[in-house]
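This report refers to the structure that appears directly beneath it.
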Amino acid sequence: MDAYSGYNQIMMHEDDKAKTSFIIERGTYCYKVMPFRLKNARATYQRLVNKIFKEQIGKTMEVYVDDMLVKAPERVDHIKNLAEAFSLLRKYNMKLNPSKCTFGVSSGRFLGYLVTQRGIEAHPNQIKAILNMKSPATTREIQSLIGRAAALNRFREKMEKLIFSLVVSARKLRPYYQAHRIIVMTEFPLRSILHSPDASQRLMKWAIELSQYDLLYQPKTAIKAQALADFVVEFTPTAEEEKMVTKSKEKADDTSPIDSNLSNDMWQLHVDGASNHKGAGAGIVIITPGGTLLEQAIALGFSASNNEAEYEALLAGLRLAKELTIKRLAIYSDSQLITNQASGEYMA
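For the sequence shown, this note's numbering assigns the number 711 to the initial residue and increments by one for each residue that follows.
Below, the structure is given as C-alpha coordinates:
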(Lines of atoms letter the chains of each structure in order from A and count residues from 1; the text may use other names and numbers.)
(Lines give C-alpha, C1' and ligand atoms only; values in the text may rest on other atoms or scores of the structure.)
Protein backbone atom coordinates (compact mmCIF):
# COMPACT_ATOMS: atom_id res chain seq x y z
CA MET A 1 0.00 0.00 0.00
CA ASP A 2 1.13 3.54 -0.70
CA ALA A 3 0.02 6.62 1.24
CA TYR A 4 -1.57 9.43 -0.75
CA SER A 5 0.63 12.58 -0.58
CA GLY A 6 2.10 11.15 2.60
CA TYR A 7 4.01 14.19 3.81
CA ASN A 8 1.01 16.46 3.25
CA GLN A 9 -0.99 14.44 5.77
CA ILE A 10 1.09 15.79 8.65
CA MET A 11 -0.19 19.07 10.05
CA MET A 12 2.28 21.89 10.67
CA HIS A 13 2.63 23.22 14.21
CA GLU A 14 0.84 26.55 14.56
CA ASP A 15 4.04 28.39 15.54
CA ASP A 16 5.92 27.00 12.52
CA LYS A 17 3.41 27.78 9.79
CA ALA A 18 4.82 31.27 9.22
CA LYS A 19 8.25 29.74 8.57
CA THR A 20 6.90 27.96 5.47
CA SER A 21 5.45 31.10 3.89
CA PHE A 22 5.76 31.77 0.17
CA ILE A 23 4.75 34.71 -2.03
CA ILE A 24 2.66 34.62 -5.20
CA GLU A 25 0.96 37.37 -7.16
CA ARG A 26 -2.21 37.11 -5.07
CA GLY A 27 -0.48 37.47 -1.71
CA THR A 28 1.54 35.62 0.91
CA TYR A 29 0.56 32.08 1.90
CA CYS A 30 1.88 29.44 4.26
CA TYR A 31 1.51 25.68 4.51
CA LYS A 32 -0.99 24.13 6.89
CA VAL A 33 0.53 20.72 6.25
CA MET A 34 4.15 19.60 6.03
CA PRO A 35 5.60 20.44 2.59
CA PHE A 36 7.87 18.05 0.70
CA ARG A 37 10.87 20.36 0.65
CA LEU A 38 11.46 20.30 4.42
CA LYS A 39 14.78 18.62 5.23
CA ASN A 40 13.33 16.47 8.01
CA ALA A 41 10.11 15.52 6.17
CA ARG A 42 11.05 11.86 5.67
CA ALA A 43 12.35 11.43 9.21
CA THR A 44 9.23 13.07 10.67
CA TYR A 45 6.91 10.91 8.57
CA GLN A 46 8.82 7.75 9.49
CA ARG A 47 8.48 8.58 13.20
CA LEU A 48 4.74 9.10 12.64
CA VAL A 49 4.11 5.73 10.97
CA ASN A 50 6.37 3.98 13.50
CA LYS A 51 4.20 5.39 16.27
CA ILE A 52 0.90 4.54 14.53
CA PHE A 53 1.85 0.95 13.66
CA LYS A 54 4.15 0.24 16.61
CA GLU A 55 2.20 -2.92 17.57
CA GLN A 56 2.07 -4.25 13.99
CA ILE A 57 5.60 -3.54 12.65
CA GLY A 58 7.63 -6.73 12.50
CA LYS A 59 4.54 -8.91 13.08
CA THR A 60 1.81 -8.17 10.53
CA MET A 61 3.25 -5.08 8.84
CA GLU A 62 6.43 -3.52 7.49
CA VAL A 63 6.52 0.26 6.94
CA TYR A 64 9.09 2.39 5.15
CA VAL A 65 8.07 6.08 5.03
CA ASP A 66 4.85 6.02 2.93
CA ASP A 67 5.19 2.42 1.68
CA MET A 68 3.29 -0.16 3.72
CA LEU A 69 3.23 -3.94 3.49
CA VAL A 70 0.58 -6.03 5.27
CA LYS A 71 1.58 -9.69 5.59
CA ALA A 72 0.24 -12.93 7.02
CA PRO A 73 1.63 -16.48 7.21
CA GLU A 74 -1.79 -17.92 6.32
CA ARG A 75 -4.29 -16.64 3.76
CA VAL A 76 -7.14 -16.71 6.28
CA ASP A 77 -5.31 -14.21 8.52
CA HIS A 78 -4.67 -11.70 5.76
CA ILE A 79 -8.16 -10.15 5.85
CA LYS A 80 -7.95 -9.72 9.62
CA ASN A 81 -4.55 -8.02 9.35
CA LEU A 82 -5.79 -5.73 6.59
CA ALA A 83 -8.83 -4.77 8.67
CA GLU A 84 -6.54 -3.92 11.59
CA ALA A 85 -4.35 -1.75 9.35
CA PHE A 86 -7.35 0.02 7.80
CA SER A 87 -8.77 0.69 11.25
CA LEU A 88 -5.58 2.49 12.28
CA LEU A 89 -5.45 4.43 9.00
CA ARG A 90 -9.03 5.56 9.53
CA LYS A 91 -8.36 6.45 13.17
CA TYR A 92 -5.45 8.75 12.25
CA ASN A 93 -7.12 10.04 9.08
CA MET A 94 -4.40 8.75 6.75
CA LYS A 95 -5.36 8.25 3.11
CA LEU A 96 -4.05 5.73 0.58
CA ASN A 97 -3.38 6.04 -3.13
CA PRO A 98 -5.60 3.32 -4.71
CA SER A 99 -3.65 3.29 -7.98
CA LYS A 100 -0.51 2.19 -6.12
CA CYS A 101 -2.12 -0.38 -3.82
CA THR A 102 -2.28 -4.13 -4.49
CA PHE A 103 -4.13 -6.65 -2.31
CA GLY A 104 -4.20 -10.42 -1.96
CA VAL A 105 -0.90 -11.15 -3.71
CA SER A 106 1.53 -13.93 -2.79
CA SER A 107 4.57 -12.04 -4.06
CA GLY A 108 5.50 -8.52 -5.07
CA ARG A 109 8.19 -5.86 -5.19
CA PHE A 110 8.82 -3.90 -1.99
CA LEU A 111 11.68 -1.41 -1.60
CA GLY A 112 13.47 -2.85 -4.62
CA TYR A 113 13.29 -6.46 -3.41
CA LEU A 114 11.04 -9.35 -4.39
CA VAL A 115 8.98 -10.52 -1.40
CA THR A 116 7.59 -14.05 -1.75
CA GLN A 117 6.46 -16.91 0.47
CA ARG A 118 10.05 -18.12 0.45
CA GLY A 119 11.25 -14.81 1.90
CA ILE A 120 13.06 -11.75 0.55
CA GLU A 121 14.85 -12.22 -2.75
CA ALA A 122 16.73 -9.99 -5.15
CA HIS A 123 14.63 -8.63 -8.00
CA PRO A 124 15.60 -10.27 -11.32
CA ASN A 125 15.88 -6.89 -13.06
CA GLN A 126 18.57 -5.80 -10.62
CA ILE A 127 20.78 -8.88 -10.97
CA LYS A 128 20.66 -9.26 -14.74
CA ALA A 129 24.41 -8.77 -15.02
CA ILE A 130 25.05 -11.61 -12.56
CA LEU A 131 22.44 -13.94 -14.09
CA ASN A 132 23.80 -13.39 -17.59
CA MET A 133 27.42 -13.67 -16.49
CA LYS A 134 29.38 -16.47 -18.08
CA SER A 135 30.39 -19.22 -15.66
CA PRO A 136 34.15 -19.38 -14.99
CA ALA A 137 35.82 -22.14 -16.97
CA THR A 138 39.44 -21.91 -15.83
CA THR A 139 41.24 -21.74 -12.50
CA ARG A 140 42.29 -18.17 -13.26
CA GLU A 141 38.69 -17.10 -13.91
CA ILE A 142 37.51 -18.77 -10.69
CA GLN A 143 40.20 -16.98 -8.68
CA SER A 144 39.25 -13.68 -10.32
CA LEU A 145 35.57 -14.19 -9.47
CA ILE A 146 36.33 -15.09 -5.84
CA GLY A 147 38.60 -12.05 -5.52
CA ARG A 148 35.90 -9.71 -6.87
CA ALA A 149 33.28 -11.15 -4.52
CA ALA A 150 35.60 -10.78 -1.52
CA ALA A 151 36.51 -7.20 -2.48
CA LEU A 152 32.82 -6.32 -2.89
CA ASN A 153 32.07 -7.81 0.52
CA ARG A 154 34.83 -5.79 2.22
CA PHE A 155 33.74 -2.63 0.39
CA ARG A 156 30.12 -2.99 1.54
CA GLU A 157 31.15 -3.73 5.13
CA LYS A 158 33.42 -0.69 5.16
CA MET A 159 30.65 1.48 3.74
CA GLU A 160 28.25 0.43 6.48
CA LYS A 161 30.83 1.23 9.17
CA LEU A 162 31.47 4.68 7.69
CA ILE A 163 27.77 5.49 7.43
CA PHE A 164 27.15 4.24 10.97
CA SER A 165 29.94 6.49 12.29
CA LEU A 166 28.23 9.42 10.53
CA VAL A 167 24.89 8.49 12.14
CA VAL A 168 26.48 8.25 15.61
CA SER A 169 28.17 11.65 15.25
CA ALA A 170 24.87 13.17 14.08
CA ARG A 171 23.10 11.81 17.17
CA LYS A 172 25.76 13.12 19.56
CA LEU A 173 26.13 16.51 17.83
CA ARG A 174 22.48 16.95 16.90
CA PRO A 175 22.26 20.74 17.65
CA TYR A 176 25.28 21.43 15.41
CA TYR A 177 23.97 19.25 12.60
CA GLN A 178 20.59 20.99 12.73
CA ALA A 179 22.02 24.52 12.81
CA HIS A 180 24.73 24.26 10.14
CA ARG A 181 25.52 22.67 6.82
CA ILE A 182 27.84 19.74 7.45
CA ILE A 183 30.48 18.96 4.82
CA VAL A 184 31.44 15.28 4.81
CA MET A 185 34.88 14.74 3.26
CA THR A 186 35.15 11.17 2.02
CA GLU A 187 36.70 9.16 -0.77
CA PHE A 188 33.72 6.80 -0.87
CA PRO A 189 30.35 7.37 -2.64
CA LEU A 190 28.30 7.60 0.56
CA ARG A 191 25.61 9.80 -1.00
CA SER A 192 24.98 7.36 -3.86
CA ILE A 193 24.79 4.42 -1.47
CA LEU A 194 22.40 6.17 0.93
CA HIS A 195 20.10 7.29 -1.90
CA SER A 196 20.15 3.96 -3.71
CA PRO A 197 16.72 2.26 -3.91
CA ASP A 198 18.48 -1.09 -3.53
CA ALA A 199 20.04 -0.29 -0.15
CA SER A 200 19.53 -2.70 2.72
CA GLN A 201 16.90 -2.07 5.38
CA ARG A 202 19.55 -0.91 7.85
CA LEU A 203 21.02 1.57 5.34
CA MET A 204 17.53 2.84 4.50
CA LYS A 205 16.86 3.46 8.17
CA TRP A 206 20.09 5.45 8.49
CA ALA A 207 19.37 7.33 5.25
CA ILE A 208 16.03 8.50 6.66
CA GLU A 209 17.67 9.60 9.89
CA LEU A 210 20.38 11.57 8.05
CA SER A 211 17.93 13.12 5.56
CA GLN A 212 16.84 15.73 8.12
CA TYR A 213 20.31 17.32 8.09
CA ASP A 214 21.95 19.52 5.47
CA LEU A 215 24.80 17.20 4.51
CA LEU A 216 27.14 17.94 1.62
CA TYR A 217 29.37 15.09 0.48
CA GLN A 218 32.67 16.15 -1.07
CA PRO A 219 35.59 14.02 -2.28
CA LYS A 220 38.80 14.08 -0.30
CA THR A 221 41.64 15.89 -2.00
CA ALA A 222 45.34 15.29 -1.51
CA ILE A 223 46.95 17.38 1.24
CA LYS A 224 48.49 20.53 -0.15
CA ALA A 225 52.04 21.65 0.49
CA GLN A 226 50.71 24.84 2.08
CA ALA A 227 48.88 22.82 4.72
CA LEU A 228 52.11 21.11 5.71
CA ALA A 229 53.90 24.45 5.80
CA ASP A 230 51.19 25.91 8.04
CA PHE A 231 51.48 22.91 10.36
CA VAL A 232 55.26 23.34 10.68
CA VAL A 233 54.92 27.08 11.35
CA GLU A 234 52.21 26.55 13.97
CA PHE A 235 54.08 23.92 15.97
CA THR A 236 57.65 25.18 15.65
CA PRO A 237 58.65 26.59 19.09
CA THR A 238 59.57 30.26 19.31
CA ALA A 239 62.94 31.51 20.59
CA GLU A 240 61.37 32.24 24.00
CA GLU A 241 59.99 28.71 24.25
CA GLU A 242 63.33 27.18 23.26
CA LYS A 243 65.07 29.25 25.94
CA MET A 244 62.68 27.93 28.59
CA VAL A 245 63.30 24.32 27.55
CA THR A 246 67.08 24.91 27.58
CA LYS A 247 66.87 26.56 31.00
CA SER A 248 64.83 23.70 32.43
CA LYS A 249 67.20 21.17 30.90
CA GLU A 250 70.21 22.91 32.45
CA LYS A 251 68.52 22.86 35.84
CA ALA A 252 67.84 19.17 35.39
CA ASP A 253 71.53 18.60 34.66
CA ASP A 254 72.52 20.68 37.71
CA THR A 255 70.47 18.47 40.01
CA SER A 256 71.90 15.20 38.69
CA PRO A 257 73.93 14.48 41.89
CA ILE A 258 70.72 14.61 43.90
CA ASP A 259 68.73 12.61 41.35
CA SER A 260 71.24 9.74 41.46
CA ASN A 261 70.05 8.97 44.99
CA LEU A 262 66.47 8.39 43.82
CA SER A 263 65.02 4.88 43.50
CA ASN A 264 65.08 3.13 40.14
CA ASP A 265 61.35 3.63 39.47
CA MET A 266 61.28 7.36 40.33
CA TRP A 267 60.52 9.86 37.55
CA GLN A 268 61.69 13.49 37.76
CA LEU A 269 59.68 16.57 36.80
CA HIS A 270 61.49 19.92 36.38
CA VAL A 271 59.26 22.93 35.82
CA ASP A 272 59.88 26.62 35.28
CA GLY A 273 57.68 29.56 34.35
CA ALA A 274 58.48 33.10 33.31
CA SER A 275 56.67 36.26 32.30
CA ASN A 276 57.61 39.49 30.49
CA HIS A 277 55.98 42.25 28.47
CA LYS A 278 55.71 39.96 25.42
CA GLY A 279 53.81 37.21 27.24
CA ALA A 280 54.18 34.27 29.59
CA GLY A 281 55.24 30.68 29.14
CA ALA A 282 56.29 27.48 30.84
CA GLY A 283 59.07 24.96 30.34
CA ILE A 284 58.71 21.30 31.37
CA VAL A 285 61.32 18.54 31.44
CA ILE A 286 60.45 14.99 32.50
CA ILE A 287 63.30 12.54 33.11
CA THR A 288 62.45 8.86 32.97
CA PRO A 289 64.06 6.32 35.33
CA GLY A 290 66.24 5.34 32.36
CA GLY A 291 67.50 8.90 31.87
CA THR A 292 65.47 9.81 28.79
CA LEU A 293 64.48 13.49 28.59
CA LEU A 294 60.93 14.51 27.62
CA GLU A 295 60.78 18.24 26.91
CA GLN A 296 57.80 20.52 26.39
CA ALA A 297 57.45 24.30 26.02
CA ILE A 298 54.10 26.03 26.50
CA ALA A 299 53.16 29.57 25.52
CA LEU A 300 50.40 30.81 27.84
CA GLY A 301 47.65 32.51 25.93
CA PHE A 302 46.99 35.09 28.63
CA SER A 303 48.92 37.67 30.65
CA ALA A 304 50.32 36.28 33.89
CA SER A 305 52.76 37.17 36.64
CA ASN A 306 55.92 35.15 37.27
CA ASN A 307 54.28 33.27 40.13
CA GLU A 308 51.21 32.49 38.01
CA ALA A 309 53.46 31.22 35.22
CA GLU A 310 55.23 28.98 37.75
CA TYR A 311 51.89 27.56 38.91
CA GLU A 312 50.81 26.93 35.29
CA ALA A 313 54.10 25.15 34.60
CA LEU A 314 53.57 22.87 37.61
CA LEU A 315 49.95 22.10 36.67
CA ALA A 316 50.89 21.38 33.06
CA GLY A 317 53.69 19.09 34.22
CA LEU A 318 51.34 17.20 36.54
CA ARG A 319 48.79 16.79 33.75
CA LEU A 320 51.50 15.40 31.49
CA ALA A 321 52.64 13.03 34.25
CA LYS A 322 49.06 11.84 34.70
CA GLU A 323 48.72 11.10 30.98
CA LEU A 324 51.94 9.10 31.15
CA THR A 325 50.46 7.17 34.13
CA ILE A 326 53.52 7.92 36.26
CA LYS A 327 53.23 6.36 39.73
CA ARG A 328 56.26 7.90 41.53
CA LEU A 329 57.41 11.42 40.73
CA ALA A 330 59.97 13.86 42.19
CA ILE A 331 59.16 17.50 41.37
CA TYR A 332 61.78 20.27 41.10
CA SER A 333 61.11 24.02 40.83
CA ASP A 334 63.19 27.15 41.48
CA SER A 335 60.17 28.86 43.04
CA GLN A 336 60.31 28.75 46.84
CA LEU A 337 56.63 29.64 47.00
CA ILE A 338 55.65 26.70 44.77
CA THR A 339 57.85 24.11 46.51
CA ASN A 340 56.81 25.12 50.04
CA GLN A 341 53.12 25.20 49.19
CA ALA A 342 53.34 21.83 47.44
CA SER A 343 55.18 20.30 50.42
CA GLY A 344 52.70 21.80 52.89
CA GLU A 345 55.11 24.16 54.66
CA TYR A 346 53.17 27.18 53.41
CA MET A 347 49.41 27.48 53.57
CA ALA A 348 47.77 27.48 50.15
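In this text, a Cβ means the ideal position worked out from N, Cα and C, and glycines have one as well.
G989 and Y1021 have their C-alpha atoms roughly 15 Å apart. Looking at the backbone, the Cα of V759 and that of Q1006 are separated by about 58 Å. Here DSSP, grouped into helix, strand and coil, assigns I830 to strand. Cβ contact annotation for G814 (same chain, cutoff 8 Å, sequence separation greater than five): H788, in chain order. In the structure shown, the three-state DSSP call for Q756 is helix. In the DSSP secondary-structure assignment, E772 is bridged to L779. Per DSSP, the unbroken alpha helix (DSSP H) holding A889 starts and ends at R884 to A889.
Counting other Cβ atoms within 10 Å of its Cβ, M895 stays below 16 and is therefore classed as exposed. Taking each of W977, P999, Y923 and S1013 in turn and checking the Cα distance to N986, the smallest one comes out for S1013.
No residue range can be given for D725, since it is assigned to no beta strand (DSSP E) and is classified by DSSP as neither H nor E. In chain order, G818 place their CB closer than 7 Å to the CB of T812, counting only its own chain and leaving out the 5 sequence neighbours on each side. Contact between the stretch 975 to 983 and the stretch 1026 to 1040 is established, with three or more Cβ pairs separated by less than 8 Å. Residue pairing of Y927 in beta bridges, as defined by DSSP: V894. Put simply, of L1034, N1016 and R1029 the residue whose alpha carbon is nearest the alpha carbon of L1047 is N1016. A917 has its alpha-carbon roughly 10 Å from the corresponding atom of L900. Boundaries of the beta strand (DSSP E) around A1040: L1039 to S1043.
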